[in-house]
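Remarks on the structure that follows.
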Amino acid sequence: MAVDREQSRPWVEVAQSARILRDLLDETPPAIDGSPFSVIDEELPQSCEKWCRSYLSSALEHLGMWADYVAPMNLHPDSAVRHDARPVQTLARAALESASQAVWIMASRDPSEVLRRHLSLVLADWAEQRKAEVDLERKADLKKQRLDLLDVLESHGVKVDEPSYLTLVTTAAHEVRTNLSDGDLGDPAQVERLWRTAAGSAHGKMWPSLALRVSVEIDGQSFSFPDADAMSSILVLANRVTQYGVLRFIDYAGHEPQLAELLRAASLRLYARIPKVEGAPERLEDVPGYPATETKSATSQKDR
0 MAVDREQSRP WVEVAQSARI LRDLLDETPP AIDGSPFSVI DEELPQSCEK WCRSYLSSAL
60 EHLGMWADYV APMNLHPDSA VRHDARPVQT LARAALESAS QAVWIMASRD PSEVLRRHLS
120 LVLADWAEQR KAEVDLERKA DLKKQRLDLL DVLESHGVKV DEPSYLTLVT TAAHEVRTNL
180 SDGDLGDPAQ VERLWRTAAG SAHGKMWPSL ALRVSVEIDG QSFSFPDADA MSSILVLANR
240 VTQYGVLRFI DYAGHEPQLA ELLRAASLRL YARIPKVEGA PERLEDVPGY PATETKSATS
300 QKDR
């Protein structure tokens, strides 16, 4: 069953958004003095800035793979793309979980709470690393590293906890929903369903393979195929959370005043590279309606 242009439009929009965001993040310099990241990272061995950049890079690597699949930079006229539900759900889920960690950390406006959340995820990361380690001596070192940090935090009265991925995802979605004018991602129950069906798809569960399909009858014969709208929903959620995370990261690094120019430069670079339909302008500046309305930062005025 062919996917029509309107159904696939959100897929291409997510693909090109991921490419711009990846370029934008790559071109964002280190945090400047006086920025939230520089204050939080002062004398901190595990840089909050570096970890948040890594979470967002992970999200964009997964969305970038989707981009190369659904909207490749080099097209063959006879090429056809087969769309199955599980791969896209898996990639979108990985991107969503990765970006949600950065957004969860940066959702607080209190530097001490940002630090607490950051170190909570650092400790959880180390715990997983220790479980995966096969060398006993290295495993013991990792355990000591974690216990030493816990002792330091306890001496300062800082309590850490390891949030579940569901908590990370729903909190991140709430942050986007609250602070972006176009951040309508559905209520927490809808976000949870999207995440659970994506996780179930990645794990090979049966119920998502049934829930994420639609059936039609043609000439008395029944056909079943992946639900294109369901694929769009999880992709849009992952993209919105990642987008918010990148914009918030730029703000926390102290580069928000340069955001409009950074975004413009990334958009120009992408437009120069992407395949264009016949008759499309060769330059982005010649596209009707460009430039769009003034870029808004991820931080709303009330938060600033």
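Going by numbering that gives the first Met the number 0, the first residue of the sequence shown is number 0, and it counts up by one from there.
In this text, a Cβ means the ideal position worked out from N, Cα and C, and glycines have one as well.
Predicted model only: the values in this text are computed from it and were never measured.
Quiz item: Since VAL240 contacts VAL175 with CB under 8 Å, what's their CB separation in whole angstroms?
Solution: In the sequence shown, counting from the first residue as 1, residue 240 sits at position 241. In the sequence shown, counting from the first residue as 1, residue 175 sits at position 176. Indeed they touch by this definition, with Cβ atoms about 6 Å apart.
Exercise. If I'm right that SER20 touches VAL245 with Cβ under 8 Å, what's the distance once you round it to whole angstroms?
Key: For the purposes of this step, residue 20 is taken as residue 21 along the sequence shown, with counting starting at 1. For the purposes of this step, residue 245 is taken as residue 246 along the sequence shown, with counting starting at 1. First, the amino acid is wrong: residue 20 is Leu here, not Ser. Contact holds; Cβ gap of about 5 Å.
Quiz item: Quick one: what's got a C-beta closer than 8 Å to LEU261's C-beta in the same chain, skipping five residues either side?
Solution: Taking the sequence shown and counting its residues from 1, the one referred to as residue 261 is at position 262. Excluding sequence neighbours, LEU261 sits near LEU23, GLU26, THR27, ILE249 and HIS254.
Quiz item: How would you call ARG92, buried or exposed, if buried means at least 16 neighbouring beta carbons within 10 angstroms?
Solution: The residue labelled residue 92 in the question sits at position 93 within the sequence shown. Buried, since its Cβ has 16 or more Cβ neighbours within 10 Å.
Quiz item: Along the chain, which unbroken stretches of the beta strand (DSSP E) at least 3 residues long are found entirely within the segment 123 to 208?
Solution: none
Practice problem: Return the CA-CA distance between SER53 and PHE224, expressed in angstroms with no decimal places. | Solution: As a working mapping, residue 53 is identified with position 54 in the sequence shown. As a working mapping, residue 224 is identified with position 225 in the sequence shown. For SER53 and PHE224, the distance between alpha carbons rounds to 36 Å.
Quiz item: Skipping 5 residues on each side, what residues in its chain have a beta carbon closer than 8 Å to that of GLY63?
Solution: Here residue 63 refers to the residue found at position 64 when the sequence shown is read from its first residue. For GLY63, where only same-chain residues beyond five positions count, the Cβ hits under 8 Å are ALA17, ARG18 and ARG21.
Quiz item: Among SER214, PRO71, PRO29 and LEU59, which residue has its Cα nearest to the Cα of GLU48?
Solution: If you number the sequence shown from 1, residue 48 lands on position 49. Here the closest residue by C-alpha is PRO29.
Self-check item: ILE233: first and last residue of the uninterrupted alpha helix (DSSP H) it sits in
Solution: Working through the sequence shown from its first residue, we reach residue 233 at position 234. Where ILE233 is concerned, the enclosing alpha helix (DSSP H) stretches over 227 to 251.
Quiz item: What did DSSP end up calling ILE273 once you bin it into helix, strand or coil?
Solution: Counting from one through the sequence shown, the residue named residue 273 turns up at place 274. In this structure, ILE273 counts as coil in the three-state DSSP scheme.
Quiz prompt | Buried versus exposed call for SER221 [16 or more other C-beta atoms within 10 Å across all chains shown] | solution = One-based indexing of the sequence shown puts residue 221 at position 222. SER221 comes out exposed.
Quiz item: With DSSP run on the structure shown, which of helix, strand or coil describes GLU216?
Solution: Against the sequence shown, residue 216 aligns to sequence position 217. Three-state DSSP puts GLU216 in a strand.
Quiz prompt | Residue closest to GLY33, alpha-carbon to alpha-carbon, out of GLU216, THR170, TYR251 and MET105 | solution = To locate residue 33, count along the sequence shown from 1; it is residue 34. Considering only alpha carbons, the answer is TYR251.
Quiz item: Taking the alpha-carbon positions, what's the VAL11 to ASP67 distance?
Solution: On the sequence shown, residue 11 is found 12 positions in, with the first residue counted as 1. On the sequence shown, residue 67 is found 68 positions in, with the first residue counted as 1. Distance between the alpha carbons of VAL11 and ASP67 is about 10 Å.
Quiz item: Do VAL69 and HIS82 have their C-beta atoms closer together than 9 Å?
Solution: For the purposes of this step, residue 69 is taken as the residue at position 70 of the sequence shown. For the purposes of this step, residue 82 is taken as the residue at position 83 of the sequence shown. Taking 9 Å as the Cβ cut-off, VAL69 and HIS82 qualify as a contacting pair.
Quiz item: Is the segment 160 to 175 touching the segment 93 to 103, taking contact as three or more C-beta pairs under 8 Å?
Solution: yes
Self-check item: Delimiting residues of the alpha helix (DSSP H) encompassing HIS61
Solution: As a first step, residue 61 is located in the sequence shown; it is residue number 62 there, counting from the start. That run of the alpha helix (DSSP H) goes 47 to 69.
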